[in-house]
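Asker: Residue numbers for the sequence shown follow the numbering used here, so the first one is 811 and each next one is one higher.
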Amino acid sequence: MKLINSEEIFVLIFSFIIILHVAGSEKIVANNHALLFDPASLTVAVDYNTSTTIQLVSEQDESVHVSFVYGEDQSHSTDYIKPLESINFPRHSSHLQIVLQITGLRPGHLIVGCNASPILNSSLTEQDFLRINIARSTKLDRIINTIGWLSFIAWSCSFYPQIFLNFRRQR
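#1: Can you tell me whether F962 is helix, strand or coil according to DSSP?
#2: When you compare the stretch 950-961 with the stretch 903-916, are there three or more beta-carbon pairs, one atom per stretch, that lie closer than 8 Å?
#3: Around the C-beta of N841, are 16 or more other C-beta atoms found within 10 angstroms, so that it is buried, or is it exposed?
#4: Could you compute how far the alpha carbon of P900 sits from the alpha carbon of A926?
#5: Exposed or buried, what is C967 when buried is set at 16 or more other beta-carbons lying within 10 Å of its beta-carbon?
#6: Which two residues bound the contiguous beta strand (DSSP E) that contains Y880?
#7: Would you kindly check if the distance between the Cβ of L920 and the Cβ of R944 is under 8 Å?
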């Protein structure tokens, strides 16, 4: 069995740092998106509120009106969350963040897209969206996530005895 020398370790660490830097800088450039939700994915319980912000990434010479569409069929109403009101970004307001209040009405998953006028980007409704999970309760959601992570850790650790036995046999 070949041991990894210090040069190989340095190359691995350097590559990992470069990958993290590139992945982290995507949010700053907004990946050529016209609108940016932060966070882009959230969980809210039924009858509870949470918030997200929406920001116009590129500066526009005229004001921008944004309305929201819901689900795959991009309808203008939903029964999963309280409908969001349309918003207006004044002209030259690329750093303005508007807070959106999300209220869960019934459990499920929902994708919220945007329609903007004037049109900002030809692929706006395909790329700029908000993923929302509406849970029955926050406690139940935490319990499910905890059990899921514990199962993942147990499954990952289950490989180590076999790796150890194979290593001992190889010697």
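Ideal placement from N, C-alpha and C gives every residue a C-beta, glycine not left out.
Answerer: Concretely, from the data shown:
#1: The three-state reading of DSSP puts F962 in helix, counting H, G and I together.
#2: Between the stretch 950-961 and the stretch 903-916 there are fewer than three inter-stretch CB-CB distances shorter than 8 Å, so the stretches are not counted as touching.
#3: At N841 the pLDDT is 44, less than 50, meaning the model places this residue with poor confidence and gives no usable figure here.
#4: A direct Cα-to-Cα measurement between P900 and A926 gives close to 13 Å.
#5: exposed
#6: V874 to Y880
#7: According to the sequence shown, residue 944 is Ile rather than Arg. In contact: I944 and L920 (Cβ atoms closer than 8 Å).
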